[in-house]
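**Q** Got a structure here, written out as C-alpha cells. Questions coming.
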Amino acid sequence: MKILVCVKRVPLTGGRIVLTGDEQAIETKHLGFTISPHEECGVEEAVRLVEQHGGESVVLTLGPADAAEQLRDALAMGIDRALHLETDGEEWDPEATAGAILEAIQADEAASGPFDLICFGNESADSGGYQVGLRCAHALGRPCATGIKGVSVDGGVVRAEQERGGGRDIYELPLPAVVTVLEGLNLPRYPSVPGRMRAGRKPLDVSIPTRPPSRLQRSRLVVPEGQSKQAEVLGRGAEAAPAVVELLRRIGVAR
Amino acid sequence: MNLVVLEHVDGAPTEVSMQALTLAQGLGGATHALLIGPGAREAAATVPVAVAHVAEHEALDAFAPDAWAAIVCEVSDRIGATAVVAPGTEHATDALARAAARLGEPLAANCVAVTPGNPLALTRVRWGGSLLEEALLHAGQALLTVAPHTVFAASPGSPGATEPFTPELSDADLVVTVRDRVAPAAAGVSLPDAKVVITGGRGVGSAEGFGPVEELASLLGGAVGCSRAVTMAGWRPHTDQVGQTGSKIAPELYIACGVSGATQHIAGCKGAKRILAVNTDPEAPIMSVADYAVIGDLHEVLPAISAELRRTAS
C-alpha cells in the first residue's frame, strides 16, 4: 500500500490564548508546537497500515519552514518520507490549502504511483475548517468518509468506522479512497531515539506553492469573553468535604 | 434566497437545525428549507419557512453524504439560493463541505453570527470555541454551517408549503453510505448523558489513581471523564476524554480533579451548568472557568467527599 497522511503544525495553547498586537494570530513566542491531534492519529494509522500490509507511507504538510519539525516527528514515528509545501507563515484558507495539496498529490502520483489511501484530520485544531480532505477527495474523484475512529483495509476495501450515538456506523470504500480521522482512532506512539536518528536521514522534499487570494478572508481574531470567573472556594483539603456535599445536595445531584 | 438544510429526528427538526434556520433568516430575503430521508415529510410540515423541500428516495434510508451534497446542489440551483446554511453537526457539515467542493465555493464552518452583504461578514469559532474569527466571505454562493448552541432558535412561526421531490442521484453519489452499524456497548451512564461528570486530569497520577474518581462517580450516579493528558498517557480510553478532540458535554455539575484547564479541555466542558475544580494550585487556569473550588490534593479531597456522602446519607 502507498499511504499519504496530511498534517498541520499547530501551537500548544496551554491555559490561555493571547493574540498578537494586530489581532491576526495567536502569540506563539512562548509556545511549543505539535501535529494537530486528529492528524497525529492519522500518522500512527499510516505507520500501522504499512507495518501490516507493506508498502510506503508519506507525510505532507502545508506550513512555514518550522513545520519541518512536525514532518520530522512523523518520520520519527515511522513514516517513510515527507513532502513540505513551504509557506511564508501567512495562513492559507481551506480552499487554497486543498488546491496546493491536490497539486502535490497529483505530482507525487505521476512520479511514483497512486496513493491507495489518503488520510486527513477531520478538522484542524486551530482553524477548524472541516473541508480540506473532502475538497481533495472530490477533485481526485475518490470516495471519502469523514470523522473516522476505526480503519482497516482488506481486499481493496477500507472499512471506516464513525462513532454515532454511542455505537458505530460502518462505511466500506473501494480503494483508492480518502478518510478524515479523529483522535481516538488509536494511541499514537512516542518516537523512539533510533526512530529520531533514522528520521534525520529520510527524504524530505520541499516545494513552494503560490498562495491565491483568500475567499474566506480573516479580518481579526477575538478572544471570547466570560473566561474570568472568580471561583467560590469551598475549603481546603479534606476539610472541604461537608461544604461540597452541602452543595451537591443543594443543586440536586446528590440525595 | 436562502436555503437551510434541516436535520430531523422522530418527525421533528432538531434544535440545532432550528438555530441554523434562525441564522439563515437573519440573512434577509426568503428562506426555503431542505429535509432529507425518512421522516422528512412529517418534520417539514412544522417548519416556519415559505417552502420546505423534502427529498425522498429509497437510497436515502442510510446516510449517504455524497447524495446529500447532490441534493443540496440540486435544490439550491433550482431555487437560485445565494446562501446555503446547515447546522454544524457531523453529517450536515460533511454534506455541506462536499457541496462546497462541487460548487467550487468557499465554506465557512461553525459560524455564530452573520451580517448580510457582499462580501458577507461573519464570525466563526476556532479552537473548538476558545477563539473567535471575524471574516469576510467572498463567494458566489455563501455556504455556512452554524456552531451548535451559539444562536438562540427563534420561536416558531406558521409553517408554509411542503414540496416533496425525488432527487436525481447517480451511482457515484451512493458509493459512500452507511453499510452497517455496531450497536452501543451496554455500559453505565454515558458521558454525554450524565447529570454529573467527574473528570480526572494529569494530577490523578496513574491509571490506578482513578479509584477515588470512580468511587465518587458511582455514589453520584455520574460518569467518569478524563483530560487529554490522561488519554495520551494510556491511563483511560479516549471514549472518556472531555475536550476539543474528545466529548463536548453539558452536565448539571462538572467536577474537574487535578485538571489544569488547558483551552483544549475547556472547549469540552464549558457547556456545564456548574463547574467545581479540585486542584492543589489556586492559580490553575481551570479556576477562571470554575464556579466552585476546593484547594487540595484530589486523593485526599475525593475520598473525604465520598465518606461524607455515605455518613450523611439517610
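Line order of the protein sequences matches chains A and B.
The opening position of the first sequence corresponds to residue 1 in the working numbering, with each subsequent residue numbered one higher.
The opening position of the second sequence corresponds to residue 1001 in the working numbering, with each subsequent residue numbered one higher.
Don't be surprised by glycine CBs; every beta carbon is placed ideally from N, CA and C.
(1) Going straight from the alpha carbon of P1167 (chain B) to that of L1174 (chain B), what length do you get?
(2) Report yes if the C-beta distance between G1271 (chain B) and A1250 (chain B) is below 8 Å; otherwise report no.
(3) Does F115 (chain A) come out as helix, strand or coil in the three-state DSSP assignment?
(4) Considering R164 (chain A), what are the terminal residues of the beta strand (DSSP E) in which it resides?
(5) Under 6 Å Cβ to Cβ from F1165 (chain B), same chain only, skipping five residues before and after it: list those, please.
(6) Go ahead and pull the three-state DSSP assignment for V1114 (chain B).
(7) With H1032 (chain B) as the anchor, note down where its beta strand (DSSP E) starts and where it stops.
(8) For N1110 (chain B), return the contacting residues in chain A, with the cut-off set at a CB-CB distance below 7 Å.
(9) Is L216 (chain A) close to chain B? Criterion is C-beta to C-beta, closer than 8 Å.
(10) Can you list, in chain order, the residues of its chain whose CB lies under 6 Å from that of G55 (chain A), leaving out five sequence neighbours each side?
(11) To which residues of the same chain is D1066 (chain B) closer than 8 Å at the C-beta, ignoring the five residues directly before and after it?
(12) Since K1195 (chain B) meets chain A, which of its residues come closer than 9 Å, beta carbon to beta carbon?
(13) Which residues bound the alpha helix (DSSP H) around G1362 (chain B)?
(14) Which chain B residues are close to I170 (chain A), counting only those with a beta carbon under 9 Å from its beta carbon?
(15) Grouping DSSP H, G and I as helix and E and B as strand, with all else coil, what is D80 (chain A)?
(16) Under the assumption that R1179 (chain B) contacts E172 (chain A) (Cβ atoms under 8 Å), give the Cβ distance between them as a whole number of angstroms.
(17) Rounded to whole angstroms, what is the Cα-Cα separation between A1293 (chain B) and A240 (chain A)?
(18) For K1248 (chain B), count neighbouring C-beta atoms within 10 Å of its own C-beta (all shown protein chains included) and say buried if the count is 16 or more, exposed if not.
(19) Helix, strand or coil: which one does DSSP assign to A1050 (chain B)?
(20) Can you look up I1255 (chain B) in the DSSP assignment and give me helix, strand or coil?
(21) Report the rounded CA-to-CA distance for R1202 (chain B) versus V1230 (chain B), giving the unit in angstroms.
(22) 8 Å is my cut-off, CB to CB: does I118 (chain A) come that close to chain B?
(23) Would you say I17 (chain A) faces chain B, with C-beta separation under 8 Å as the test?
(24) Please confirm if D93 (chain A) has its CB atom under 8 Å from at least one CB of chain B.
(25) Among B:L1253, B:K1273, B:E1252 and B:V1278, which one has its Cα closest to the Cα of G1261 (chain B)?
(26) Under 8 Å between the Cβ atoms of A1083 (chain B) and A1024 (chain B)?
(27) So which residues of chain A does I1305 (chain B) contact, with C-beta pairs closer than 7 Å?
(28) Specify whether the stretch 185 to 203 of chain A and the stretch 38 to 50 of chain A touch according to this definition: at least 3 beta carbon pairs, one from each stretch, less than 8 Å apart.
(29) What does the alpha-carbon distance come out to for the pair V7 (chain A) and E1056 (chain B)?
(30) Measuring only the C-alpha atoms, how far is G78 (chain A) from G14 (chain A)?
(31) From the DSSP secondary-structure annotation, give me the bridge partner or partners of P11 (chain A).
(32) Leaving out the 5 sequence neighbours to the left and right, which residues in its chain are closer than 8 Å to T20 (chain A) when beta-carbon positions are compared?
(33) Rounded to whole angstroms, what's the CA-CA distance from D1061 (chain B) to M1287 (chain B)? Just pull it up for me.
(34) Counting only Cβ pairs nearer than 7 Å, list the residues of chain A close to H1238 (chain B).
(35) With a threshold of 8 Å between beta carbons, is Y1292 (chain B) in contact with chain A?
(36) Could you tell me whether the Cβ of G1234 (chain B) comes closer than 8 Å to any Cβ of chain A?
**A** So, from the listed chains and residues:
(1) 13 Å
(2) yes
(3) coil
(4) V157 to R164
(5) none
(6) strand
(7) T1031 to I1036
(8) G128
(9) yes
(10) M1 and K2
(11) R1098, A1172, D1173, L1174, V1175 and V1176
(12) G252 and V253
(13) Residue 1362 (chain B) lies beyond the stretch modelled for chain B, which goes from 1001 to 1314, so this question has no answer here.
(14) V1178, R1179, D1180, R1181 and V1182
(15) coil
(16) 5 Å
(17) 9 Å
(18) buried
(19) coil
(20) strand
(21) 6 Å
(22) no
(23) yes
(24) yes
(25) B:V1278
(26) yes
(27) A241, V244 and V245
(28) yes
(29) 38 Å
(30) 28 Å
(31) A:F33
(32) I26 and E27
(33) 47 Å
(34) E183 and G184
(35) yes
(36) yes
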